[in-house]
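There are 2 protein chains.
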Amino acid sequence: MRQSNLLATTLREAPAEAETVNHQLLLRAGYIRQLAAGIYTYLPLGRRVLRKIEAIVREEMDAAGAQEMLMPSMQPAELWKASERYEVYGKELMKLNDRHDREFVLGPTHEEVITSLMRGEVSSYRKLPVTVYQIGTKFRDERRPRSGLMRGREFLMKDAYSFDTGWEGLDDTYSRMYKAYQRIFERCGLVYRAVQADAGAIGGEGETHEFMAISGIGEDTIAVCSACDYAANLEQAEVHTGAEAVQRNVSNLPAAEKFHTPGIRTVEQLEQELRIAPEQVIKTLIYQGGGQVFAVLVRGDHEVNEVKVRNYIGASEIALADSGTVRAAASVESGFVGPVGLSLTLLADRAVAAMTSGITGAGERDFHLRDVVPGRDFTLEHVADFRTAEEGGTCPVCGEGVLHFEQGIEIGHIFKLGTKYSEKLGATVLDAAGQSNPVIMGCYGIGISRLMAAVAEQNSDGQGLIWPAALAPYRVHILQMSVQDEVQTAAAEALYEQLSKLGVETLLDDRDERAGVKFKDSALMGIPVAIVVGKAAAGGKVEYLDRRSDSKEVIDITEAVSRVTSGQNG
Amino acid sequence: MRQSNLLATTLREAPAEAETVNHQLLLRAGYIRQLAAGIYTYLPLGRRVLRKIEAIVREEMDAAGAQEMLMPSMQPAELWKASERYEVYGKELMKLNDRHDREFVLGPTHEEVITSLMRGEVSSYRKLPVTVYQIGTKFRDERRPRSGLMRGREFLMKDAYSFDTGWEGLDDTYSRMYKAYQRIFERCGLVYRAVQADAGAIGGEGETHEFMAISGIGEDTIAVCSACDYAANLEQAEVHTGAEAVQRNVSNLPAAEKFHTPGIRTVEQLEQELRIAPEQVIKTLIYQGGGQVFAVLVRGDHEVNEVKVRNYIGASEIALADSGTVRAAASVESGFVGPVGLSLTLLADRAVAAMTSGITGAGERDFHLRDVVPGRDFTLEHVADFRTAEEGGTCPVCGEGVLHFEQGIEIGHIFKLGTKYSEKLGATVLDAAGQSNPVIMGCYGIGISRLMAAVAEQNSDGQGLIWPAALAPYRVHILQMSVQDEVQTAAAEALYEQLSKLGVETLLDDRDERAGVKFKDSALMGIPVAIVVGKAAAGGKVEYLDRRSDSKEVIDITEAVSRVTSGQNG
Chain Z
656 MRQSNLLATT LREAPAEAET VNHQLLLRAG YIRQLAAGIY TYLPLGRRVL RKIEAIVREE
716 MDAAGAQEML MPSMQPAELW KASERYEVYG KELMKLNDRH DREFVLGPTH EEVITSLMRG
776 EVSSYRKLPV TVYQIGTKFR DERRPRSGLM RGREFLMKDA YSFDTGWEGL DDTYSRMYKA
836 YQRIFERCGL VYRAVQADAG AIGGEGETHE FMAISGIGED TIAVCSACDY AANLEQAEVH
896 TGAEAVQRNV SNLPAAEKFH TPGIRTVEQL EQELRIAPEQ VIKTLIYQGG GQVFAVLVRG
956 DHEVNEVKVR NYIGASEIAL ADSGTVRAAA SVESGFVGPV GLSLTLLADR AVAAMTSGIT
1016 GAGERDFHLR DVVPGRDFTL EHVADFRTAE EGGTCPVCGE GVLHFEQGIE IGHIFKLGTK
1076 YSEKLGATVL DAAGQSNPVI MGCYGIGISR LMAAVAEQNS DGQGLIWPAA LAPYRVHILQ
1136 MSVQDEVQTA AAEALYEQLS KLGVETLLDD RDERAGVKFK DSALMGIPVA IVVGKAAAGG
1196 KVEYLDRRSD SKEVIDITEA VSRVTSGQNG
Chain S
656 MRQSNLLATT LREAPAEAET VNHQLLLRAG YIRQLAAGIY TYLPLGRRVL RKIEAIVREE
716 MDAAGAQEML MPSMQPAELW KASERYEVYG KELMKLNDRH DREFVLGPTH EEVITSLMRG
776 EVSSYRKLPV TVYQIGTKFR DERRPRSGLM RGREFLMKDA YSFDTGWEGL DDTYSRMYKA
836 YQRIFERCGL VYRAVQADAG AIGGEGETHE FMAISGIGED TIAVCSACDY AANLEQAEVH
896 TGAEAVQRNV SNLPAAEKFH TPGIRTVEQL EQELRIAPEQ VIKTLIYQGG GQVFAVLVRG
956 DHEVNEVKVR NYIGASEIAL ADSGTVRAAA SVESGFVGPV GLSLTLLADR AVAAMTSGIT
1016 GAGERDFHLR DVVPGRDFTL EHVADFRTAE EGGTCPVCGE GVLHFEQGIE IGHIFKLGTK
1076 YSEKLGATVL DAAGQSNPVI MGCYGIGISR LMAAVAEQNS DGQGLIWPAA LAPYRVHILQ
1136 MSVQDEVQTA AAEALYEQLS KLGVETLLDD RDERAGVKFK DSALMGIPVA IVVGKAAAGG
1196 KVEYLDRRSD SKEVIDITEA VSRVTSGQNG
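One line per chain: the protein sequences are Z and S, in this order. Following the working numbering, the residues of the first sequence are numbered contiguously, the last one being 1225. Following the working numbering, the residues of the second sequence are numbered contiguously, the last one being 1225.
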């Protein structure tokens, strides 16, 4: 491609709303342009990178035995009502009515469509297992689209769906897809980690893993063990049980006692004003969700993990109760709520259940209770892991390593769905004995456009992008220093012809621009190798620039060609 | 691919709503499934055909110097209001509001998006010409989606847009795209014709061509000359002027005379009841559109061509006036309307202007006028070609050949837009003299999914589809007659391995089904070559079936392989 024809205007500065490096650089280097909030056009350079990613994904999906198909974006709303996700997705679903006033949803995902399709296509176990995938556009009405391609409202996804007759089959399929995902992300040159995850709105009954590109701008926190290979999204990371399994003898403990704590509503105030250590406090938080109001108890130095609570309750959404709800349920304002005498379901974190005694709100304004004994002064019917794991805590799996935290960008997510959709949408098959059973499903997503942004975020320097060779829009960038110089023109054109014939994707900067502009644009675009055709071309020499190592070397043109074709750079 | 894993259920009968051959066969052979009216899922076989078409389109677009990009489906409604197409498209535009109540359009085409993008990207003539294209999903809320993929509400398109500094540049670009289209349709194995066309809602100032797949189910009628290469959509086909340029001497003609015609309202009644030849009659039709009411005059044996009238008036839509409007405008009901004394703009077809005299409605119930002389009894201010060309008529270009009609499916359409969009959306560039000018645009569409349907429609027989080799989902279909037979299994697997290694896309029917089912499914799916591995496999022989010629031959396995790899079939 000749750069004089390429639609790729570089910008000196990124628009102010671009806050992350990938967003700034993809805009500045002419890869993407915003059409509306969270909605982007891919310019030719961006489209080329997307196509490279798509090709890698296709190859690995095909190798894993998945079949490509293509499902519509417009999906009848009834399907989403039948799966009960119409409400769960709420405002994130883009909706429209057609001219006959039939309601449609623009698919953020395709479980409903594929499951209802399979209901009609496959009736016998003999036609299973089947795994299908597609690469296409998804829609999600994000409240706050941000970071360019990271969280868009219209974006590219690869989504796959598997259908097995049993859980063992799903385990095999899941494992095959897991490995395919590893190969895909490795081939894309990503620094990533597979972590245990929460299923969220996709749901399902089995395990689920997220693939996280490690990056400081990631929205997710990952807990990683220093000793074993445990890694989990903090939403889901379990807390080590270890020291919490203590046996307590409550018979000799003093009775709970009320004391005056005027204006003291928080653990911080108890610590600062009354010198009470947070680990002696039992926090009582009132939540609502799943059609009920309930209390969650965690130790004063711990945080409630709402995902764990939500999953325990079986609700799709939970939230801290508003002040009116708190007063109605606890007869006191928040800050003085306590579990003693509270007529709500109590969810106690394991660390609370392990306390000999603690300090709680008294259920009365300006008073707290001391010597409150769990199991004696309030019930311990619902004890589980309800708190967020802490950095430095013990690994819940090996019990030896220490957890440290990383930030990650979710680029893939795989789920063992089980029968969640097949039961609701009636996708059953007859087994060998003639019995009808719902098919066992899995689903597997990769954010294609987000992956492009994650690779850009991980591969840049002060000058611009640095594409891994597998994703680079072009492998080689020829920079002709002076387009008026006939010797340079002859050399640059010959080199361009030669590389193109050898199948090396090459961009020739044949623009009538100053050398400085060409160097800057080339570094910004991040093509792995630049070959500078300047004055030395008269002697058969070029400058060979490796973008990643930022090294340069003057070598023979023939040597430059053989370096490029032997693929030692980028 | 092993057919036992392939998601491709064949159906004995197509659903009743499938009326065309392509729709029936694509459903029956397991290529597509309907999700909602005009909205289809592409099963793996269908997706493979689409990918073949996409690859051909990409290669030819790239070879023609076009750059691939990708634009969003969700487009701010303001853009469509700025181009004044929001109203023109009307109910065919799919519209939705996001959570912030901003209105979006789901793009049926992308002139607005690309033109507003170019406004920001390209400011100097030095960056032109540029041609970009994309392959993606389009949305159009058809009132009556039909014929499966022929007229869908969500469909796949390749759309391209060119930007030049002048009309000469556009002429070059247009010609390059025209040739690329020819190569694409030839490679797809289509019987097609490029025809002069009307620009419709896309608009523009220059010429426009449609590429028509010739087919009896086509919605468009094409007029084709028997002698020269003239071919045009009947909407647009000109009428030969020839004999109509007569000179008339009106001085000796009798005055117009009223005569009683009780209950006679139509040309047919005049002919049958009063023995008046239709070519002696002048029909007067009242239309409304473009904010006015006007009359169109054509000879009794001719039909009004509303596209020609619409373009002459400069309206986006015209329609026959309703009876109330007719009575208000002509003081009489339709059937007796005539041009004499009518105070409306009169659009007279050239054939009317060429009449010495004629019979018209009298503008009075139950009366007509005879000896009405055009130019004497009513004005001839607006004389042009307002009628539909007729089969058997003289070619308007060579004046020698005779027009015959064909039916066509529009699979591509190319337009010289000129400045229609660049002026409205402010896409200008500075020329060499520093003057700002709107860019000169062209646009170029191919219906990818419709093309698949057109090829299917043109390539089938009573047994099923017959894909051209370039589009076939697989090149070879191995049919193993008995999966219990170990000799057959060994031979079929070895052949499958060998062909796959040679890069021949092969489908192996390894299902435990009867031979008859396998033959029927194979013929239905339309893979160019079937190789039957049956009892003769023990002797190294297979049956070689050519789908198109429906011929079969028993040959050595090695010979079968060499025939396939030398590509002499399909």
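C-beta atoms are modelled at their ideal positions from N, C-alpha and C, and glycine is treated no differently. Please read all numbers here as calculations on a predicted model, not as lab measurements.
Please identify the residue among Z/Met656, Z/Leu940, Z/Ile769 and Z/Asp753 whose C-alpha is closest to the C-alpha of S/Asp717.
Numbered from its first residue, the second sequence carries residue 717 of chain S at position 62. Each of Z/Met656, Z/Leu940, Z/Ile769 and Z/Asp753 was checked against the Cα of S/Asp717, and the nearest Cα belongs to Z/Met656.
Under DSSP, the alpha helix (DSSP H) around S/His678 begins and ends at which residues?
As a first step, residue 678 of chain S must be located in the second sequence, where it is residue number 23. Its alpha helix (DSSP H) spans residues Val676 to Arg683.
If the cut-off is 8 Å on Cβ atoms, which residues from the region 719 to 734 of chain S count as contacting chain Z, listed in chain order?
Of all residues in the region 719 to 734 of chain S, Gly720, Gln722, Glu723, Met724, Leu725, Met726, Pro727, Ser728, Met729, Gln730 and Pro731 have a Cβ within less than 8 Å of some Cβ in chain Z.
When you compare only the Cα positions, how much space is there between S/Lys1075 and S/Glu742?
Here residue 1075 of chain S refers to the residue found at position 420 of the second sequence. Here residue 742 of chain S refers to the residue found at position 87 of the second sequence. Looking at the two C-alpha atoms, the distance is approximately 16 Å.
Shorter than 8 Å from the beta carbon of S/Ser830 to some beta carbon of chain Z?
The residue labelled residue 830 of chain S in the question sits at position 175 within the second sequence. S/Ser830 does not count as touching chain Z.
Z/Asn1224 versus Z/Gly1100: straight-line alpha-carbon distance, rounded
On the first sequence, residue 1224 of chain Z is found 569 positions in, with the first residue counted as 1. On the first sequence, residue 1100 of chain Z is found 445 positions in, with the first residue counted as 1. Caution is warranted here: a pLDDT of 47 is assigned to Z/Asn1224, below 50, making its placement in the model unreliable, and the coordinate value is therefore given only provisionally. Their Cα atoms are separated by approximately 31 Å.
What residues of chain A sit near S/Thr696, judged by a beta carbon separation below 8 Å?
Among the chains of the structure shown, chain A does not appear; the protein chains present are Z and S.
Counting only Cβ pairs nearer than 8 Å, list the residues of chain Z close to S/Val787.
The residue given as residue 787 of chain S occupies position 132 in the second sequence. Those within 8 Å of S/Val787 in chain Z are Leu662 and Pro699.
Looking only at its chain, what residues have a beta carbon closer than 7 Å to the beta carbon of S/Ala1111, apart from the 5 residues adjacent to it on each side?
For this step, residue 1111 of chain S is matched to residue 456 along the second sequence. Cβ within range, chain order: Asn677, Leu680, Leu681 and Leu1120.
Are the C-beta of S/Arg1241 and some C-beta of chain Z separated by less than 8 Å?
Chain S is shown only over 656 to 1225; residue 1241 of chain S falls outside these bounds and no answer can be derived.
Residue-chain proximity (Z/Glu776, chain S), Cβ-Cβ < 8 Å:
One-based indexing of the first sequence puts residue 776 of chain Z at position 121. At least one chain S Cβ lies under 8 Å of Z/Glu776.
Could you tell me the alpha carbon to alpha carbon distance between S/Leu666 and Z/Pro727, rounded to whole angstroms?
As a first step, residue 666 of chain S is located in the second sequence; it is residue number 11 there, counting from the start. As a first step, residue 727 of chain Z is located in the first sequence; it is residue number 72 there, counting from the start. Each residue's Cα considered, the two are about 22 Å apart.
Touch check for the region 1183 to 1202 of chain Z and the region 1139 to 1148 of chain Z: three-plus C-beta pairs under 8 Å?
Contact holds: three or more Cβ-Cβ distances are below 8 Å.
Along the alpha helix (DSSP H) that carries S/Glu958, what are the first and last residues, could you check?
Here residue 958 of chain S corresponds to residue number 303 of the second sequence, with the count starting at 1. No residue range can be given for S/Glu958, since it is assigned to no alpha helix (DSSP H) and is classified by DSSP as neither H nor E.
Spell out whether any CB of chain S is found under 8 Å from the CB atom of Z/Asp753.
As a position in the first sequence, residue 753 of chain Z is number 98, starting the count at 1. Yes, contact with chain S.
Counting contacts by CB-CB distance shorter than 8 Å, is S/Lys1173 in contact with chain Z?
As a first step, residue 1173 of chain S is located in the second sequence; it is residue number 518 there, counting from the start. Output row for S/Lys1173: interface = no.
Run of the beta strand (DSSP E) containing Z/Lys782, from where it starts to where it stops:
Taking the first sequence and counting its residues from 1, one reaches residue 782 of chain Z at position 127. First-last for Z/Lys782: undefined, no H or E at that position.
For a cutoff of 8 Å on Cβ pairs, would you count S/Glu809 as touching chain Z?
Translated into positions along the second sequence, residue 809 of chain S becomes position 154. At a cut-off of 8 Å, the C-beta of S/Glu809 has a neighbouring C-beta in chain Z.
Any chain S beta carbon closer than 8 Å to Z/Gly1225
Here residue 1225 of chain Z refers to the residue found at position 570 of the first sequence. Confidence is the limiting factor: at Z/Gly1225 the pLDDT is only 44, short of 50, which leaves the residue's position unreliable, though a coordinate-based value still follows. No - not a single Cβ of chain S is within 8 Å of the one on Z/Gly1225.
Mind checking who S/Pro1029 pairs with in its DSSP beta bridge?
For this step, residue 1029 of chain S is matched to residue 374 along the second sequence. S/Phe1033.
Could you tell me whether the Cβ of S/Lys746 comes closer than 8 Å to any Cβ of chain Z?
The residue you call residue 746 of chain S lines up with position 91 of the second sequence. With 8 Å as the cut-off, S/Lys746 counts as an interface residue toward chain Z.
Can you say whether S/Glu766 is buried or exposed, counting buried as having 16 or more other CB atoms within 10 angstroms of its CB?
For the purposes of this step, residue 766 of chain S is taken as residue 111 along the second sequence, with counting starting at 1. Flag for S/Glu766 reads buried.
So which residues of chain Z does S/Lys750 contact, with C-beta pairs closer than 7 Å?
Sequence index remark: in the second sequence, residue 750 of chain S carries index 95 (1-based). Chain Z residues near S/Lys750: Leu751.
Looking at chain S, which residues of the region 1026 to 1055 of chain Z have a Cβ within less than 9 Å of any of its Cβ atoms?
The residues in question: there are none.
Where S/Arg702 meets chain Z, residues with beta-carbon distance less than 7 Å:
Start at 1 with the first residue of the second sequence, and residue 702 of chain S comes out as number 47. Residues of chain Z passing the Cβ test: Glu723, Met724 and Leu725.
Would you verify that the beta carbon of S/Ala835 is, or is not, closer than 8 Å to some beta carbon of chain Z?
Mapped onto the second sequence, residue 835 of chain S falls at position 180. Using a CB distance cut-off of 8 Å, S/Ala835 does not count as an interface residue toward chain Z.
Is Z/Arg920 near Z/Phe991, with beta carbons less than 8 Å apart?
By one-based count along the first sequence, residue 920 of chain Z stands at place 265. By one-based count along the first sequence, residue 991 of chain Z stands at place 336. In contact: Z/Arg920 and Z/Phe991 (Cβ atoms closer than 8 Å).
Alpha carbons only, please: which of Z/Ala684, Z/Glu739, Z/Phe759 and Z/Ile708 is nearest the one belonging to Z/Phe840?
Stepping through the first sequence from its first residue, residue 840 of chain Z is reached at position 185. Of Z/Ala684, Z/Glu739, Z/Phe759 and Z/Ile708, the residue nearest in Cα terms is Z/Ile708.
Could you give the DSSP three-state label for Z/Asp1164: helix, strand or coil?
Locating residue 1164 of chain Z in the first sequence gives position 509, counting from the first residue. Z/Asp1164 falls in the strand class under three-state DSSP.
Going by C-alpha to C-alpha distance, which of Z/Leu1001, Z/Val1052 and Z/Arg982 sits closest to Z/Glu1019?
On the first sequence, residue 1019 of chain Z is found 364 positions in, with the first residue counted as 1. Among Z/Leu1001, Z/Val1052 and Z/Arg982, the Cα nearest to that of Z/Glu1019 is on Z/Arg982.
Here's a check: name, in chain order, each residue in its chain whose Cβ is nearer than 8 Å to the Cβ of S/Leu925, leaving out the five neighbours to either side.
Taking the second sequence and counting its residues from 1, one reaches residue 925 of chain S at position 270. Thr916, Ile919, Ile931, Pro933, Val936, Gly955, Ile1014 and His1023, listed in sequence order.
From the DSSP output, in three-state form, read off Z/Gly1225 for me.
Position 570 of the first sequence, counting from 1, holds the residue named residue 1225 of chain Z. Any reading at Z/Gly1225 must be qualified, since the residue scores a pLDDT of 44, below 50, and its modelled position is unreliable; the value itself is stated next. Residue state, collapsed to three classes: coil.
Can a CB atom of chain Z be found closer than 8 Å to the CB of S/Arg688?
Locating residue 688 of chain S in the second sequence gives position 33, counting from the first residue. The Cβ of S/Arg688 sits closer than 8 Å to at least one Cβ of chain Z.
State yes or no: is the C-beta of S/Ile973 within less than 8 Å of the C-beta of S/Gly944?
The residue given as residue 973 of chain S occupies position 318 in the second sequence. The residue given as residue 944 of chain S occupies position 289 in the second sequence. Judged by their CB atoms, S/Ile973 and S/Gly944 are nearer to each other than the 8 Å cut-off.
As a quick exercise: from Z/Ser830, Z/Gly807 and Z/Arg838, pick the residue whose alpha carbon is nearest that of Z/Leu1125.
Position 470 of the first sequence holds residue 1125 of chain Z. The sequence shown places Ala at residue 1125 of chain Z, not Leu. The alpha carbon of Z/Ala1125 has as its nearest neighbour, out of Z/Ser830, Z/Gly807 and Z/Arg838, the alpha carbon of Z/Arg838.
Using CA coordinates, which residue listed in Z/Leu1179, Z/Asp1167 and Z/Glu1152 is at the minimum distance from Z/Val1216?
Indexing the first sequence from 1 puts residue 1216 of chain Z at position 561. Comparing Cα positions, the closest option is Z/Glu1152.
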